[in-house]
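Residue numbers (the working numbering), protein chains in the order written: chain A, 2 to 230; chain B, 2 to 230. By construction, the Cβ of each residue, glycine as well, lies at the ideal position given by its N, Cα and C atoms. The structure appears below as structure tokens.
Number of protein chains: 2
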Amino acid sequence: MLDKSHKHITCENCLAKKNSLFKSFCDDQVVDLNAVKTCAYYKKNQPLFLEGSLPRGVFCLNSGKVKVFARGEEGKEQIIHVAKEGEIVGFRAMFSEEPYKVTASTLEESNICFINKSDFLNLVDTNITLRNGIMKELSSELANRVTYITNMAQKSVRGRLAFALILLEEIYAGELINLTREDLANFVGTATETLIRLLKDFKEEGIIQTHGRKIEVLNREDLLKISGA
Amino acid sequence: MLDKSHKHITCENCLAKKNSLFKSFCDDQVVDLNAVKTCAYYKKNQPLFLEGSLPRGVFCLNSGKVKVFARGEEGKEQIIHVAKEGEIVGFRAMFSEEPYKVTASTLEESNICFINKSDFLNLVDTNITLRNGIMKELSSELANRVTYITNMAQKSVRGRLAFALILLEEIYAGELINLTREDLANFVGTATETLIRLLKDFKEEGIIQTHGRKIEVLNREDLLKISGA
DNA sequence: ATGTAAAAGTGACATAAGTCACTTTTTATT
DNA sequence: AATAAAAAGTGACTTATGTCACTTTTACAT
């Protein structure tokens, strides 16, 4: 296993940048960005921020995965999003003066940079392209969530699991999907036992294959069909 | 019944403005706004825009109510939001270059103004307060939808109905909640029959009272308790 | 390497909520 | 005012999904 704990990432050669909101930055903007950001190594299951606390800045994922979740009445996690390298997490909260409504926590070892709220807002104020990118991103997330709400309200758990696996296959691009059954259940919105039984069905139907806890999608087409029912 | 069909609304004396994103506009900004907007009277159940079509501008509700909904796989409506006077509908779509993901349609007679996309974007570009208001609004809607997703995924239909009634009571501030049982079911995310049975339960428990189809909330506290279970 | 705790998985059972088929009531339309 | 059409409401039945109680497996820490 690599020791990533003391790796310092410079924005100039950050590979994740090309998929990020900063992709349009020109060279000296990247230098400026690099000057204000700090880097940190996170172990598995470490929080970036907690529901109820006050936002201090945004988190930019260089590598690793982060789950973003709310808690329902009985404290059950509802995973809203799984962020991957290149994504900026927590920027929604920069524009309201309110505490976080969600918690973000690493799903695996991750390298994550941090940009201070005032520095970030300064960037947004002075860089029209970034600002437009952010407005577009906020809008498209809003549209995504319409789909999520509709799915939750109308699809069967089987359908939602199929949908979730399609999303996760893209998030874990190349790699196998690697989530605890409980996390997966909390993303799909079901009980862990139900989730396990449905995964078993999918396995028996040859739609997926498991390697330990890791899930490989064998037949995306079938998932699409099941998801749309 | 008033004949509202030819009423022309001027932004200068629009009563809905005080609750809107334009509330901070100074006098000459309001004059400019008034110059670019057009007014229209809508009958009940008339669409403002349709899912899949291209956004041409935003709709500003002077009076009346509008439902915003997506369609699930079997064409079933999922009501995402009920907008009331003062709200601007369809502005999310101004910032992405994509077709509408939702349909908006009046729930009752309404007076609705329209602002062209380029005029609106021009306002957003030149007016920092409006822009910040919009970013804040996008953010807070995003946060709201986290709650919706969590509710849909984790609460019982009874709990979701209680939650919906609390929201609707605020939207229909003062008036009685006036929605078809089907619309209400499509907001809560359940079958119409189930919804009717649950309303009956609430009536028997003295939590609500109906006046024809209209619903009066008698005990908000109980709804809060039921919603949070 | 080994023990312990967490995660994965199974089985039996209960029930919330969906579906279908129908009646009654309300709301529009001619 | 009469009729048609839509909405509201009821009953019987089915089933998907949650819950509880438990075993087996995996992962991690000493």
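Handout entry: Residue environment, S54 (chain A), which counts as buried when at least 16 other CB atoms sit within 10 Å
Key = exposed
Handout entry: Neighbouring residues, chain A, relative to I167 (chain B) (Cβ below 9 Å)
Key = The premise fails here: I167 (chain B) is roughly 14 Å from chain A at the closest Cβ pair, so nothing lies under 9 Å.
Handout entry: For A165 (chain B) and V189 (chain B), believed in contact at Cβ under 8 Å, the rounded distance
Key = 5 Å
Exercise for the section: Rank A:A41, A:T11, A:K44 and A:Y42 by C-alpha distance to the C-alpha of D28 (chain A) and give the top, closest one. Expected result: From the listed residues A:A41, A:T11, A:K44 and A:Y42, the smallest Cα separation to D28 (chain A) is found for A:T11.
Problem - Contact under 8 Å by Cβ, N220 (chain B) with G207 (chain B) - result: yes
Practice task
Specify the secondary structure class of I150 (chain B) as computed by DSSP and reduced to three states.
Solution key: In the structure shown, I150 (chain B) adopts helical secondary structure according to DSSP, grouped into three states.
Handout entry: Residue-chain proximity (T11 (chain A), chain B), Cβ-Cβ < 8 Å
Key = no
Handout entry: Endpoints, beta strand (DSSP E) assigned at Q210 (chain A)
Key = I209 to H212
Practice task
Consider the Cβ of F50 (chain B): report whether some Cβ of chain A lies at a distance smaller than 8 Å.
Solution key: no
Exercise for the section: Specify, as a first and last residue, the run of the alpha helix (DSSP H) that T107 (chain B) falls within. Expected result: Taken as a continuous stretch (DSSP letters only), T107 (chain B) belongs to no alpha helix (DSSP H), being part of the beta strand (DSSP E) at T104 to T107.
Exercise for the section: Measure the alpha-carbon distance for L62 (chain A) versus V90 (chain B) and round it to whole angstroms. Expected result: 33 Å
Practice task
Tell whether a beta-carbon distance below 8 Å holds between L139 (chain A) and L139 (chain B).
Solution key: yes
Exercise for the section: For the beta strand (DSSP E) containing N35 (chain A), list its first residue and its last residue. Expected result: Where N35 (chain A) is concerned, there is no enclosing beta strand (DSSP E), although the alpha helix (DSSP H) it sits in stretches over D28 to V37.
Exercise for the section: Compute the beta-carbon to beta-carbon distance between I113 (chain A) and L49 (chain A), rounded to the nearest angstrom, for a pair I have assumed lies under 8 Å. Expected result: 7 Å
Practice task
Return helix, strand or coil for E1 (chain A), following the three-state DSSP convention.
Solution key: Residue coverage of chain A in this structure runs from 2 to 230, which leaves residue 1 (chain A) outside it and unanswerable.
Practice task
Can you tell me which of the three DSSP states R57 (chain B) falls into?
Solution key: coil
Problem - Minimum Cβ-Cβ distance from F96 (chain B) to chain A less than 8 Å - result: At least one chain A Cβ lies under 8 Å of F96 (chain B).
Practice task
Within the stretch 149-227 of chain B, note down every full alpha helix (DSSP H) run reaching 4 residues or more, in order along the chain.
Solution key: 158-172, 182-189 and 193-205
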